[in-house]
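In full-length UniProt numbering, the protein residues as written are 1 to 451. Idealized CB from N, CA, C, for every residue including glycine. None of these values were measured; they are calculated from a predicted model.
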Ligand SMILES: Cc1cc2nc3c(=O)[nH]c(=O)nc-3n(C[C@H](O)[C@H](O)[C@H](O)COP(=O)(O)OP(=O)(O)OC[C@H]3O[C@@H](n4cnc5c(N)ncnc54)[C@H](O)[C@@H]3O)c2cc1C
């Protein structure tokens with residue numbers, strides 16, 4: 001099978017890259033081994049909330065030059081300040097065009113409320129999740145008369161559902177000066193699920209609550225429990241297919257309804273995955289679901305064939321290949337006792353110190369292993385034995401040089417590197433790397449080279 005581009009991995013990076021390429025008319029296939037980090041994410045997207053030295057960042061675009069000084073191999077530093085500034089708005093547009101309604105903008109971070117009821121700085125948040133402005137969090141001393149739409153909330157959990165604790169959320173909100181009271185709904189329609197704790201999860205609950213015949217039962221309970229409150233916070237266990245179901249509930253109870261992410265699987269993240277997958281399909285993209293790339297064929301420093309588990313010895317052919325396989329979480333990177341490696345091609349890694357320095361004892365300190373990842377040239381082409389592979393690009397969390405957790409930049413790096421790589425491919429601006437030795441075709445699988 002022949003394509004312009006084969007993308008390995010269908011996470012945020014693979015999908016964003018695929019959408020941009022397919023939109024530009026490239027024939028594009030994504031090989032997807034399984035669920036991406038989106039299924040486990042909050043649904044909020046971080047751009048940059050801290051510098052590597054720990055300083056907080058409120059205005060990410062203004063912090064990029066300092067970031068480049070502190071972390072020259074950070075993907076944003078490789079992409080360049082000007083380019084990041086233009087691609088970040090393109091990323092916002094791409095998400096909007098995929099049908100996602102997100103609060104926030106790259107010009108300034110905001111706070112989202114976490115599943116524990118605390119504040120966390122971020123870039124974009126699903127519109128249903130409660131947020132606070134950075135400069136005027138509640139209660140706002142600068143504008144004391146400013147009213148939040150959720151100053152007096154009923155935090156309503158679901159009896160027996162352990163992945164969301166309304167008491168904990170309400171108590172954390174109270175400590176921030178917000179009137180909040182914890183409640184729990186008991187709905188007999190959930191009893192069968194409740195009897196099996198491993199099945200009593202957000203997505204399964206949503207499949208039942210989203211049924212039209214259950215809407216008014218839920219609304220009646222919520223209306224009763226939220227008397228005297230001006231807004232409602234629920235765990236994100238409703239509206240799996242569409243926000244319209246939450247909108248209908250809101251109309252029935254007559255008060256704003258907000259959702260907080262739960263423990264995985266995350267309905268808010270799954271919605272992003274669905275919306276972006278649909279957008280990719282709309283442009284004619286193909287996703288090979290449940291397949292996995294297990295080797296590549298190389299000739300003259302170019303990938304000439306991509307082998308997958310389901311296609312056996314019939315290679316996928318493409319002019320360009322994008323590696324978007326994620327980090328340790330999705331086997332984009334692997335470890336043995338004293339070795340970290342990129343399993344498909346055995347690529348060079350950034351930040352790969354001795355075993356004893358992978359982690360810090362203090363669990364809450366930034367962990368060095370989070371910065372491990374593939375090393376690239378300035379076009380984000382991965383290096384192998386110090387040399388860029390001519391038609392391979394890397395995007396997303398397989399890249400090294402940044403800490404998505406401590407720097408609060410996970411989704412931003414995935415989206416921006418994906419769009420940057422797509423631009424290189426669309427414009428075909430990149431030249432061959434120097435000193436390309438002519439070689440016989442070779443097959444690479446599992447990071448081992450076999451002639
Ligand atoms: C659990 C978790 C939660 C997170 N939550 C947030 C959050 O709330 N906000 C935020 O900003 N950031 C978050 N992050 C950071 C996250 O890394 C990025 O936001 C982003 O979603 C990563 O996307 P990705 O496409 O780079 O990788 P991934 O989402 O990991 O996707 C990689 C994909 O590649 C596939 N794959 C791997 N190997 C192969 C192969 N050989 N063949 C075919 N397919 C393959 C995998 O199956 C997977 O589909 C989170 C990260 C994790 C791990």
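Proximal residues to residue 81 (C-beta, below 7 Å), its chain only, five neighbours per side dropped
The answer, listed in chain order, is 64, 65, 68.
Review point. Considering only C-alpha positions, which residue in the set 229, 211, 185 is nearest to residue 220?
Key: Of the candidates 229, 211, 185, the residue whose Cα lies closest to the Cα of residue 220 is 185.
field: Anticipated Cβ contact below 8 Å, residue 231 with residue 153, distance rounded
entry: With 8 Å as the limit, residue 231 and residue 153 qualify as a contact, their Cβ atoms being about 5 Å apart.
Residue 276 CB to nearest heavy atom of ligand 2 below 7 Å: As far as ligands go, the structure on display features ligand 1 and does not contain ligand 2.
* Asked: Roughly how many angstroms separate the alpha carbons of residue 329 and residue 91, rounded to a whole number?
  -> In this structure, the straight-line span from the alpha carbon of residue 329 to that of residue 91 is close to 24 Å.
query: Mind checking whether the beta-carbon of residue 318 lies closer than 7 Å to any heavy atom of ligand 1?
result: Flag unset: Cβ of residue 318 not near ligand 1.
Subject >> Distance between residue 350 and residue 239 (C-alpha atoms, nearest Å) >> reply: Rounded to the nearest whole angstrom, the CA to CA distance from residue 239 to residue 350 is 41 Å.
Just tell me which of 61, 406, 388, 378 has its CA closest to the CA of residue 363. The candidate whose alpha carbon is nearest that of residue 363 is 406.
Here's a check: name, in chain order, each residue in its chain whose Cβ is nearer than 7 Å to the Cβ of residue 452, leaving out the five neighbours to either side. The structure shown does not extend to residue 452, since the chain is modelled only from 1 through 451, so no value can be given for it.
Exercise. Helix or strand or just coil, what does DSSP make of residue 108?
Worked result: Under the three-state reduction of DSSP output, residue 108 falls in the strand class.
Continuous alpha helix (DSSP H) stretch holding residue 323: start and end:
It is not in any alpha helix (DSSP H) - residue 323 instead sits in the beta strand (DSSP E) that spans 317-323.
In terms of alpha-carbon separation, which member of 107, 203, 393, 173 lies closest to residue 302?
Out of 107, 203, 393, 173, 393 has the C-alpha closest to the C-alpha of residue 302.
Quiz item: So which of 423, 206, 106, 248 has the shortest CA-CA distance to residue 216?
Solution: The shortest C-alpha separation from residue 216 is found at 248.
**Prompt:** Any chance the segment 37-57 sits against the segment 109-128, with 3 or more Cβ pairs inside 8 Å?
**Reply:** As far as the Cβ criterion goes, the segment 37-57 touches the segment 109-128, which means the pair count is three or higher.
| task | List the endpoints of the continuous beta strand (DSSP E) containing residue 28. | result | Counting along the chain, the beta strand (DSSP E) containing residue 28 begins and ends at 28-32.
- prompt: Does the segment 24-35 touch the segment 88-106, meaning 3 or more C-beta pairs lie closer than 8 Å?
  reply: Result no; under three Cβ-Cβ pairs closer than 8 Å.
| task | Go through the segment 224-296 residue by residue and report every complete run of the beta strand (DSSP E) that reaches 3 residues or more, in order. | result | Counting only runs of 3 or more, we get 231-235, 257-260, 286-289.
- Query: Is it the case that the CB of residue 286 approaches a heavy atom of ligand 1 more closely than 7 Å?
  - Reply: No.
* In the DSSP assignment, find the beta strand (DSSP E) that holds residue 302 and state where it starts and stops. => Its beta strand (DSSP E) spans residues 302-308.
*Pick from 10, 2, 18: whose alpha carbon is nearest that of residue 423?*
If you compare the alpha carbons of 10, 2, 18 with that of residue 423, the shortest gap goes to 18.
Residues near residue 262 in its chain [Cβ-Cβ closer than 7 Å; skip 5 each side]: Its chain contains 115, 163, 164, 202, 235, 236, 237 as the residues whose beta carbon lies nearer than 7 Å to that of residue 262, once the 5 sequence neighbours on both sides are disregarded; these appear in chain order.
Separation of residue 272 from residue 11, as counted between CA atoms = About 10 Å.
Does the beta-carbon of residue 8 have 16 or more other beta-carbons within 10 angstroms, so that it is buried, or is it exposed? Residue 8 comes out buried.
Self-check item: Where residue 420 falls, given that 16 or more other Cβ within 10 Å makes a residue buried
Solution: Residue environment for residue 420: buried (at least 16 other C-beta atoms within 10 angstroms of its C-beta).
Any chance the segment 285-296 sits against the segment 307-325, with 3 or more Cβ pairs inside 8 Å?
-> Yes, the segment 285-296 is in contact with the segment 307-325.
Out of curiosity, what's the CA-to-CA distance linking residue 223 and residue 1? Spanning the two alpha carbons is a distance of roughly 56 Å.
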